[in-house]
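Engineer:
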Amino acid sequence: MTDKIEKLKEMQQLLDEGTITSEEFAQMKQELLSGNVKDKTSPVKNLARKKIWIAIILSLVIPFTGYAYTGRWKALLVFFSLFCGMGFVIGVTSKDAEKAFANSFRIASILGPIAAAVDNGVAINKARINSQ
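Per our numbering, the very first residue in the sequence shown carries number 465; after that it's consecutive.
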């Protein structure tokens, strides 16, 4: 209840400042009182609230979990595609398939977690800068 009162005060202030019209105020008030207010928090603000150290630790343990924590599914798809492409290139250029698989796995298991940790940490940091 106190949240609704605070939001009504904020909306009244916007009306008094002339930022919103009386029609917009009435519509926003009706939505607030009826409970139909949608959370308009941007993905950047959601990402900015994440803890960098958690994203880094999760990414170092299992790279997928760092992306799941940050909710960056497109970045995960790009990350996965790049490592699959790297494995394909190593496989095509190698004469011995068994060595190619071993080399691809070795490279991906070392670079994958490091790249995911750096990517997720930088993304959270950029989101914090952009949300200020």
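The beta-carbon is built from N, C-alpha and C at its ideal position, and this holds for glycine as well. Note that the structure is predicted; figures quoted are calculated from it, not measured.
Which same chain residues end up closer than 6 Å to Asp467 when comparing Cβ atoms and leaving out the 5 residues on each side of it in sequence?
Structural biologist: The residue you call residue 467 lines up with position 3 of the sequence shown. Excluding positions up to five away in sequence, the list is empty.
Engineer: Take Lys493 as the anchor and find which of Leu472, Ile554 and Asn510 has the nearest alpha-carbon.
Structural biologist: Within the sequence shown, residue 493 is the residue found at index 29, counting from 1. Lys493 has its Cα closest to that of Leu472, out of Leu472, Ile554 and Asn510.
Engineer: Spatial neighbours of Ser558 within its chain, please: CB distance less than 8 Å, with the 5 preceding and 5 following residues excluded, ordered by chain position.
Structural biologist: Looking up residue 558 in the sequence shown gives position 94. Contacts found: Ala564 and Asn567.
Engineer: What are the boundary residues of the alpha helix (DSSP H) that Ile593 is part of?
Structural biologist: If you number the sequence shown from 1, residue 593 lands on position 129. Ile593 -> alpha helix (DSSP H) spans Ala561 to Asn594.
Engineer: Tell me the start and end of each unbroken alpha helix (DSSP H) in the segment 516-546 that is at least 4 residues and wholly inside, in chain order.
Structural biologist: Fully enclosed alpha helix (DSSP H) runs of 4 or longer: 516-525 and 527-534.
Engineer: Less than 8 Å separating the beta-carbons of Ala581 and Leu511?
Structural biologist: Within the sequence shown, numbered from 1, the residue matching residue 581 stands at position 117. Within the sequence shown, numbered from 1, the residue matching residue 511 stands at position 47. Result no, Cβ atoms of Ala581 and Leu511 do not sit closer than 8 Å.
Engineer: State whether the segment 479-497 contacts the segment 538-548, with contact taken as three or more CB pairs (one from each stretch) at a distance under 8 Å.
Structural biologist: Not touching, per the Cβ criterion.
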